[in-house]
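A.B. asks: Going down the list, the sequences are from chains E and P.
Position in the first sequence (first residue = 1) + 162 = our numbering.
Position in the second sequence (first residue = 1) + 110 = our numbering.
Glycine residues also receive a C-beta, built at the ideal position from the N, C-alpha and C atoms.
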Amino acid sequence: MKQSPVVRVAAGVLCLTAALIVSVAWMPSRAAESLVEQAFADYAAGDIRAISRIIPANYFDGVGRPALRREVDTAVSRWTRDRRQIQAVFLLDLARFGLVDLREPAPFPLDPGSDPVAVEVIAKARVFVTGRPDAPGRNPREDAFEIAWHKTAIALLGGMQRPDLLEKVGVAPLRRRMAASPPARGDARLIDPWIELAGAIQQEQSTIVDPRMLASAGPAAVRRFDEAARFGESRSEALVRKSWLCVRLGRYAEALAALDALGAPGDVADEAVRYWSRLSRGRSLAGLGRDDEAARRYEEALAIFPGAQTPLAALTAIEVRRGNVDAAYRWAAQGRAAALGRVDPWLQYGAGDYRHFQRRLDRLREAGR
Amino acid sequence: MTRRRALVILVVVLAWTEAAARQQVFRARVDAVVVDVSVTERNRPIRGLTARDFELTDNGVPQRIADVGSDSLPLDVTLIVDMSGRGVVQPSLVAGVNNIRKSLRPADRASIITFTGTVREWTPLADAASIPRFPMPAFPHEAGSPNGPTACYDAIALSIVTPPTSGRRQLAIVFSADRDTTSFLDARAVLDIAKRSDSAVFVVRAPFDLEPTEAPREGATRVAITVDPLAIQPRFFRDLAEVTGGRVEEVKAFTMMRNDSQGFAFQVRMGAPLGEAFVRALEDFRSSYVLRYMPEGVASNGWHDISVRVANGGRFEVRARSGYVR
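#1: So the beta strand (DSSP E) PRO234(P) belongs to, where does it begin and stop?
#2: By the criterion of Cβ-Cβ separation under 7 Å, what are the contact partners of ALA299(P) in chain E?
#3: Alpha carbon to alpha carbon, how far is SER417(P) from LEU319(E)?
#4: Leaving out five residues before and five after GLU231(P) in sequence, what residues of the same chain have Cβ atoms less than 6 Å from its Cβ?
#5: On the criterion of 16 or more Cβ atoms from any shown chain inside 10 Å, does ALA342(E) qualify as buried, or is it exposed?
#6: Closer than 7 Å by C-beta to GLY277(P): which residues in its own chain qualify, once you throw out the five before and the five after it? Chain order, please.
#7: Identify, in the order they occur along the chain, each residue of the same chain with its Cβ nearer than 8 Å to the Cβ of ARG425(P), setting aside the five sequence neighbours on each side.
#8: Given this structure, state the Cα-to-Cα distance separating LEU185(P) from GLN280(P), to the nearest angstrom.
#9: Is there at least one Cβ from chain E nearer than 8 Å to PHE285(P)'s Cβ?
#10: If the cut is a Cβ gap below 7 Å, which residues of chain E does PRO259(P) touch?
#11: Rounded to whole angstroms, what is the Cα-Cα separation between LEU301(P) and GLY530(E)?
#12: Please tell me whether ALA315(E) has its Cβ less than 8 Å away from any Cβ of chain P.
#13: So, are the CB atoms of ARG159(E) and LEU268(P) less than 8 Å apart?
#14: Between which two residues does the beta strand (DSSP E) carrying THR224(P) extend?
#15: Based on the DSSP output, what are the partners of GLU360(P) in its beta bridges?
#16: What does TYR491(E) touch in chain P if you count any residue whose Cβ is under 9 Å from its own?
#17: Out of curiosity, what's the CA-to-CA distance linking GLN391(E) and LEU450(E)?
#18: Report the three-state DSSP secondary structure of THR150(P) (helix, strand or coil).
#19: Across which residues does DSSP place ASP168(P) in a beta bridge pair?
#20: I'd like to check one pair, SER307(P) with PRO259(P): are the Cβ atoms closer than 8 Å?
#21: Would the beta-carbon of LEU359(E) fall within 8 Å of that of ASP305(E)?
#22: Using a C-beta cutoff of 8 Å, does GLU231(P) count as contacting chain E?
#23: Identify the continuous alpha helix (DSSP H) that holds THR292(E) and give its terminal residues.
#24: Does THR95(P) come within less than 8 Å of chain E when only Cβ atoms are used?
#25: Taking Cβ positions only, does LEU159(P) come closer than 8 Å to chain E?
#26: Out of THR167(P), ALA220(P), VAL147(P) and THR160(P), point me to the one whose CA is closest to GLU406(P)'s CA.
#27: Excluding the five sequence neighbours on either side, which residues of its own chain have a C-beta within less than 7 Å of the C-beta of VAL281(E), listed in chain order?
#28: Out of ASN153(P), ASP141(P) and ALA161(P), point me to the one whose CA is closest to ALA474(P)'s CA.
#29: Please decide whether LEU230(E) counts as near chain P, where near means a Cβ-Cβ distance under 8 Å.
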């Protein structure tokens with residue numbers, strides 16, 4: 163059928179208009195997608211601060227969150243077709259910005275280490291990481307990366323001190339994917355004894371964040387630390403955390419027994435765990451009325467981290483109780499003036515694996531590239 | 111008994127006496143007991159009372175009050191200020207601390223101790239005139255945890271264990287707006303210290319109301335909490351004030367409105383300023399009476415319950431520390 167020139171021109175105009183409408187409609191979202199992907203390209207090339215460019219200025223007001231959420235969704239769906247390890251690291255780093263770094267510029271930040279989008283990003287990234295083509299056990303290099311990624315993600319979630327989310331987004335899904343030792347039957351799993359410690363720490367954290375949970379959840383957490391202590395890699399920290407939990411439950415003799423199982427103090431390689439063990443032993447002894455010995459353990463803790471306020475506060479209290487007034491004044495004065503120059507590891511105790519987070523992330527970035 | 115054995119026994123007895131004496135002394139006045147007593151009626155201080163107006167028992171035994179001082183004694187004031195978490199109240203808090211500076215008399219002294227997870231003596235005990243203006247601090251980012259730690263118990267313990275100075279009265283004012291998350295010491299240990307301390311401890315708290323969901327407002331402050339701190343520590347603060355003769359004042363400094371379902375995001379509406387509460391604590395303590403007595407008919411060691419009342423003062427509210435340790 164032959165069309166008249168007028169019809170052909172009109173059809174052409176219509177097509178052009180439709181194309182224009184479609185392209186205009188596409189423009190904003192394409193631009194938004196490219197922002198995340200451009201930041202990722204720079205990040206993959208070594209510019210880790212590139213992430214800050216995709217955080218909208220109004221993010222903290224809640225206004226910018228939906229846009230970022232959409233951008234991340236789009237990027238993840240595209241990356242699923244062209245999977246790279248560094249993409250998973252990028253997403254974790256993005257979550258870190260939401261959970262940690264972004265709090266500083268906020269005008270009145272208030273317990274600001276909690277951001278719903280950041281937690282969603284971790285959850286999406288976990289699906290991305292576990293959606294790899296091969297099953298666990300088939301590719302040792304992929305297994306090692308995935309284990310390192312999970313450990314880093316759980317360290318970050320631990321730092322939020324939201325044990326509910328640590329369980330829901332971190333530990334619970336991972337239990338289906340990872341085992342402490344190879345299962346006799348069933349699906350192949352990632353193998354790392356650390357998963358037992360991670361689960362116990364999550365349970366312990368619920369009693370730290372809300373001490374009202376101590377009586378109900380504490381004994382179960384003690385048993386989980388016993389489980390974790392069966393494995394060499396986790397043994398020291400599991401026993402020390404068990405002892406502290408027993409102290410909080412008033413089970414001082416059991417706390418001491420857990421520490422006795424550690425062996426000689428020098429056997430504990432992790433400096434923070436060694437420090438915690440001295441503090442916990444001091445508290446256990448004080449609980450049993452052995453104040454002189456307790457004071458010596460606190461002084462040992464102080465020797466590990468000279469200037470740390472925690473053992474100074476403990477020594478102040480024990481000397482007051484012993485009636486050694488002058489000593490109490492001296493310890494308290496030192497405590498008020500203390501300048502450790504680095505973080506007292508006691509402050510990190512309740513944040514689970516967060517004390518390992520930065521080191522794990524640095525390694526992950528290296529591995530991902 | 112040989113002379114040598116007698117000498118050894120004498121030395122042992124003297125050494126024991128010295129050690130026993132040292133163990134008993136945490137309060138400054140070993141023989142005389144000094145008690146700060148607040149007498150008010152409808153929150154107004156009652157003035158002009160004399161020793162004859164007070165009835166004081168020590169472990170249930172009536173005591174003769176040697177003398178009654180008034181507000182002429184200079185004060186040593188320790189401000190213990192929580193700078194963690196509830197950063198939203200910081201402008202009001204800074205104003206409160208500076209209000210205290212203005213309310214001090216020339217002979218008074220003060221120190222300011224701030225804490226998050228870490229305790230910091232911002233200014234040691236100094237004359238009123240030489241205390242610098244308390245600045246608006248930067249948000250205390252502590253790399254140990256992305257959520258700011260709070261070590262309230264440890265901070266109070268380190269702050270109130272100070273050598274008392276004869277002829278001066280000790281007052282500690284604690285500001286707290288958050289629950290303790292990281293202290294090594296527990297409430298019991300701090301209360302034990304407080305019982306043996308000379309300081310009266312007043313507490314200013316800023317608990318918040320949590321209102322139902324409200325739609326996010328543009329420009330609203332974004333905040334997040336995990337557990338309602340009110341549910342955990344008010345008992346401790348009440349006990350702390352009670353054993354030391356202080357009191358707790360709660361200021362509704364802000365209201366939080368939840369605006370997501372997961373407990374992440376809140377908005378804040380500012381309420382009453384904190385500054386007046388600090389000054390009220392100072393003036394309340396300054397206007398209290400100072401009763402001094404020599405304990406008679408009671409054991410020399412251990413915990414002593416104190417009870418103070420005003421004869422024929424049924425309508426008065428009388429507040430004093432609940433006891434002392436010798």
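C.D. replies: According to the data block:
#1: Along the second sequence, one-based indexing puts residue 234(P) at 124. Where PRO234(P) is concerned, the enclosing beta strand (DSSP E) stretches over 229-237.
#2: On the second sequence, position 189 is the one that residue 299(P) refers to. Within 7 Å Cβ-Cβ: ALA479.
#3: Reading the second sequence from its first residue, position 307 is the one you call residue 417(P). Reading the first sequence from its first residue, position 157 is the one you call residue 319(E). Between SER417(P) and LEU319(E), the C-alpha separation is close to 51 Å.
#4: Looking up residue 231(P) in the second sequence gives position 121. Cβ within range, chain order: ILE223.
#5: Reading the first sequence from its first residue, position 180 is the one you call residue 342(E). So ALA342(E) counts as buried.
#6: Counted from its first residue, the second sequence places residue 277(P) at position 167. Correct list, in chain order: LEU183.
#7: As a position in the second sequence, residue 425(P) is number 315, starting the count at 1. For ARG425(P), where only same-chain residues beyond five positions count, the Cβ hits under 8 Å are GLU151.
#8: For this step, residue 185(P) is matched to residue 75 along the second sequence. For this step, residue 280(P) is matched to residue 170 along the second sequence. Using only the alpha carbons, I get a separation of about 6 Å.
#9: By 1-based counting over the second sequence, the position of residue 285(P) is 175. So, not an interface residue.
#10: As a working mapping, residue 259(P) is identified with position 149 in the second sequence. Within 7 Å Cβ-Cβ: LEU509.
#11: Taking the first residue of the second sequence as 1, we reach residue 301(P) at position 191. Taking the first residue of the first sequence as 1, we reach residue 530(E) at position 368. Spanning the two alpha carbons is a distance of roughly 52 Å.
#12: As a working note, residue 315(E) is residue 153 in the first sequence. For ALA315(E), the answer is no, since every Cβ of chain P falls outside 8 Å of its Cβ.
#13: One cannot answer for residue 159(E) here, as it falls past the ends of chain E, which runs 163 to 531.
#14: The residue given as residue 224(P) occupies position 114 in the second sequence. 219-225 is the span of the beta strand (DSSP E), which, as asked, contains THR224(P).
#15: Position 250 of the second sequence, counting from 1, holds the residue named residue 360(P). Partner(s): ARG315(P).
#16: In the first sequence, counting from the first residue as 1, residue 491(E) sits at position 329. Result: VAL271, THR272 and PRO273.
#17: Numbered from its first residue, the first sequence carries residue 391(E) at position 229. Numbered from its first residue, the first sequence carries residue 450(E) at position 288. Correcting the residue identity first, residue 391(E) is Ala in this sequence and not Gln. Whole-angstrom Cα-Cα distance: 24 Å.
#18: Here residue 150(P) corresponds to residue number 40 of the second sequence, with the count starting at 1. Here THR150(P) sits in strand by DSSP.
#19: Stepping through the second sequence from its first residue, residue 168(P) is reached at position 58. DSSP, once it has assigned bridges, lists VAL171(P) and ILE416(P) as partnering ASP168(P).
#20: Taking the second sequence and counting its residues from 1, one reaches residue 259(P) at position 149. Taking the second sequence and counting its residues from 1, one reaches residue 307(P) at position 197. No; because the gap between Cβ atoms is not below 8 Å, this pair is not in contact.
#21: Looking up residue 359(E) in the first sequence gives position 197. Looking up residue 305(E) in the first sequence gives position 143. Not in contact: LEU359(E) and ASP305(E) (Cβ atoms no closer than 8 Å).
#22: Mapped onto the second sequence, residue 231(P) falls at position 121. Answer yes: the Cβ-Cβ gap between GLU231(P) and chain E drops below 8 Å somewhere.
#23: As a first step, residue 292(E) must be located in the first sequence, where it is residue number 130. Looking at the DSSP string, the run of the alpha helix (DSSP H) that includes THR292(E) is 278-292.
#24: It is not possible to answer for residue 95(P), since the shown part of chain P is limited to 111 through 436.
#25: In the second sequence, the residue the question calls residue 159(P) occupies position 49. Not closer than 8 Å to any Cβ of chain E, the Cβ of LEU159(P) fails to qualify, so no.
#26: On the second sequence, position 296 is the one that residue 406(P) refers to. If we check each option's Cα against that of GLU406(P), THR167(P) comes out closest.
#27: In the first sequence, counting from the first residue as 1, residue 281(E) sits at position 119. Result list for VAL281(E): LEU327 and VAL331, in chain order.
#28: Residue numbering for chain P in the displayed model covers 111 to 436; residue 474(P) lies beyond these limits and cannot be assessed.
#29: Within the first sequence, numbered from 1, the residue matching residue 230(E) stands at position 68. False, the Cβ-Cβ gap to chain P never drops below 8 Å.
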